[in-house]
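**Q** Have a look at the structure that comes next, please.
Protein chains: 2
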Amino acid sequence: MNYQEARDKFISTWGALGTLWGINKAMAQIHALLFVSPEPLSMEEIMEVLGISRGNASMNLRSLIEWGIVYKVNIPGERKEFFASEKDTSELARTIAKERSRREIQPTIKVLKEVSSIEDDGTKKTRELIKKTKELYDLADTADTMLNKVVDQEQNWVTKTLLKLLK
Amino acid sequence: MNYQEARDKFISTWGALGTLWGINKAMAQIHALLFVSPEPLSMEEIMEVLGISRGNASMNLRSLIEWGIVYKVNIPGERKEFFASEKDTSELARTIAKERSRREIQPTIKVLKEVSSIEDDGTKKTRELIKKTKELYDLADTADTMLNKVVDQEQNWVTKTLLKLLK
DNA sequence: ATAAAGTTTCAATTATTTTTGAAAGTTTAA
DNA sequence: TTAAACTTTCAAAAATAATTGAAACTTTAT
């Protein structure tokens, strides 16, 4: 497998994974491309390599910037804008985990708390609803806390110890 | 909030979360409904509560069964089939984690391994591709291992210790 | 054997999401 | 200031995914 084949395979796999996780293909592929590019790329180059339109590139770059995993880069002497991905893999993981937690998990946890707090009228079905949503609340809350702590402190002793214990 | 409001809020939130994670709404909602139902439900009842067609109910129930989180239940004296969700929350989490790992993470890890194993031709871009995909490989592999171990042994001392350390 | 009850399948429809492309907007250099 | 270079926006089109509904299929009771 040569460079281009390997890069394209990575980009297309990353795009397919994104799709499976509710992230659109262009967004995931732009990220993949920037992540493995040693130099920042212009919008033109991104459009070219991925075969996507200007509008598509522009909108998805904006989303990636909102997510905090892509940056605009100014290259001296160049008029146009260049884009680069967050290059530190741990930092990338941290940002994605934080954002997904904030946008998706936390709101769900909030609803689970509300629903599990309804008054127990003594009926079987109400009891079951309260019990199950309470359990999901505990699970989601624990998982969310762990996730955030682990990615936050990827290099600390807790994680290292943990890895030794679990591997 | 009364029972029905609470249940419907839970079902609709679960459906929305599913959508965000690449799971279709009907599938996530059927699961939510069964998860909080004290008794197994017939396809008729599921269609009725969620307002979906017979075909939709049938296909999504099949998917849930393939995922291993919904079961067919035979009720003596009843001709039709009833459906029930896995009721143990830890077991549910374990099954989902295992399945997502198997279907999505493992294939991605495989590609990352392939791509990061291409021959280093000494160019900057090849070096970068190898380096970055290797880092992602390590991250994904570690995360996957941890996830599986943690959900596998939710009650054991490692996890308990871990929670104390991290909370 | 057969008909009623129940389930599955899948082509067609509907809904949703993504992408395009061109017009409008912005920035920069002269 | 102005015009070229570049970027953003968004309505329309295309692509994709979800859903329906009815025919085909299966099971069960008599």
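The listed protein sequences correspond, in order, to chains A and B. Per this note's numbering, the very first residue in the first sequence carries number 3; after that it's consecutive. Per this note's numbering, the very first residue in the second sequence carries number 3; after that it's consecutive. Ideal Cβ placement from N, Cα and C applies to all residues, glycine included. Values in this document were obtained by computation on a predicted structure and should not be read as measured data.
1) Could you pull the start and end residues of the alpha helix (DSSP H) that B:Ser60 belongs to?
2) Using three-state DSSP, classify A:Lys89 as helix, strand or coil.
3) In angstroms with no decimal places, state the Cα-to-Cα distance between A:Met49 and A:Ala28.
4) State the DSSP-derived secondary structure class of A:Ser44, mapped to helix, strand or coil.
5) Measuring CB atoms only, is the region 71–81 of chain B touching the region 109–125 of chain B, in the sense that at least three cross pairs come out at less than 8 Å?
6) For A:Leu19, which residues in chain B fall below 7 Å Cβ to Cβ?
7) Grouping DSSP H, G and I as helix and E and B as strand, with all else coil, what is B:Lys74?
8) Can you tell me whether A:Glu137 is buried or exposed, with buried defined as 16 or more other CB within 10 angstroms of its CB?
9) Would B:Gln6 pass as a contact of B:Trp16 if the rule is Cβ separation under 8 Å?
10) Nearest by alpha-carbon distance to B:Pro40: which of A:Arg9, A:Ser44, A:Lys133 and A:Asp146 is it?
11) Is A:Asp123 close to chain B? Criterion is C-beta to C-beta, closer than 8 Å.
12) Within a Cβ cutoff of 6 Å, which residues of the same chain sit near A:Arg96, ignoring the five residues on either side of it in sequence?
13) Using a threshold of 8 Å, state whether the C-beta atoms of A:Ile13 and A:Leu43 are closer than that.
14) For A:Arg64 and B:Leu131, I'd like the C-alpha separation in whole angstroms.
15) Select from B:Leu149, B:Glu101, B:Leu114 and B:Ser92 the residue whose C-alpha is nearest the C-alpha of B:Phe37.
16) So the alpha helix (DSSP H) B:Arg104 belongs to, where does it begin and stop?
17) Taking only beta-carbon positions, decide if A:Val117 is within less than 8 Å of chain B.
18) In terms of residue numbering, what span does the alpha helix (DSSP H) encompassing A:Asn26 cover?
19) Within the 8 Å Cβ cut-off, does A:Met29 reach chain B?
20) Output, in chain order, the set of chain B residues within a Cβ distance shorter than 7 Å of A:Phe37.
21) Report yes if the CB atom of B:Ala18 is closer than 8 Å to the CB atom of A:Val117, and no otherwise.
22) What does a CB cutoff of less than 6 Å around B:Asn62 pick up in its chain, not counting 5 residues either side in sequence?
23) State buried or exposed for B:Ser87, treating a residue as buried only when at least 16 other CB atoms are found within 10 Å of its CB.
24) So what does A:Phe37 bridge to, in DSSP terms?
25) Among the residues of its own chain, which have a CB less than 8 Å from the CB of A:Asp122, if the five just before and after it don't count?
26) Over what stretch of residues does the alpha helix (DSSP H) that includes B:Arg81 continue unbroken?
27) So, under 8 Å CB-CB, A:Asn150 and A:Lys100 are touching, yes? Tell me the CB distance rounded to an integer number of Å.
28) From B:Phe85 to B:Arg56, what distance separates their C-alpha atoms?
**A** The structure says:
1) It spans Arg56 to Trp69 - the alpha helix (DSSP H) in which B:Ser60 sits, taken as one unbroken run.
2) In the three-state scheme derived from DSSP, where H, G and I count as helix and E and B as strand, A:Lys89 is classed as coil.
3) So the two alpha carbons sit approximately 10 Å from each other.
4) Here A:Ser44 sits in strand by DSSP.
5) No, they do not touch.
6) Near A:Leu19 (Cβ distances below 7 Å), the residues of chain B are Glu106 and Thr110.
7) In the structure shown, B:Lys74 sits in a strand (DSSP, three-state: E or B).
8) A:Glu137 comes out buried.
9) No, the Cβ-Cβ distance between B:Gln6 and B:Trp16 is not below 8 Å.
10) If we check each option's Cα against that of B:Pro40, A:Lys133 comes out closest.
11) Yes, A:Asp123 counts as interfacial toward chain B.
12) Scanning its chain for C-beta atoms nearer than 6 Å, with the 5 sequence neighbours on each side dropped, one finds around A:Arg96 the residues Val153, in chain order.
13) No, the Cβ-Cβ distance between A:Ile13 and A:Leu43 is not below 8 Å.
14) Note on geometry: alpha-carbon atoms of A:Arg64 and B:Leu131 lie some 24 Å from one another.
15) That would be B:Ser92, whose Cα lies nearest to the Cα of B:Phe37.
16) The continuous stretches of alpha helix (DSSP H) do not include B:Arg104, and DSSP gives it neither H nor E.
17) In terms of beta-carbon proximity, A:Val117 lines the interface with chain B, with at least one pair separated by less than 8 Å.
18) The continuous stretches of alpha helix (DSSP H) do not include A:Asn26, and DSSP gives it neither H nor E.
19) Cβ-Cβ to chain B under 8 Å: no for A:Met29.
20) Residues of chain B passing the Cβ test: Lys134.
21) By the CB criterion at 8 Å, B:Ala18 and A:Val117 fall outside the cutoff.
22) So the list reads Ala28, Met29 and Ile32, once near-sequence residues are dropped.
23) Its Cβ being crowded by 16 or more others within 10 Å, B:Ser87 is buried.
24) DSSP lists no partner for A:Phe37.
25) Closer than 8 Å at the Cβ level, and outside the excluded window around A:Asp122, lie Thr128, Arg129 and Ile132.
26) Per DSSP, B:Arg81 belongs to no alpha helix (DSSP H) and is neither H nor E.
27) Going by Cβ atoms, the distance from A:Asn150 to A:Lys100 rounds to 7 Å, so yes, they are a contact pair.
28) Near 14 Å, if we compare the C-alpha coordinates of B:Arg56 and B:Phe85.
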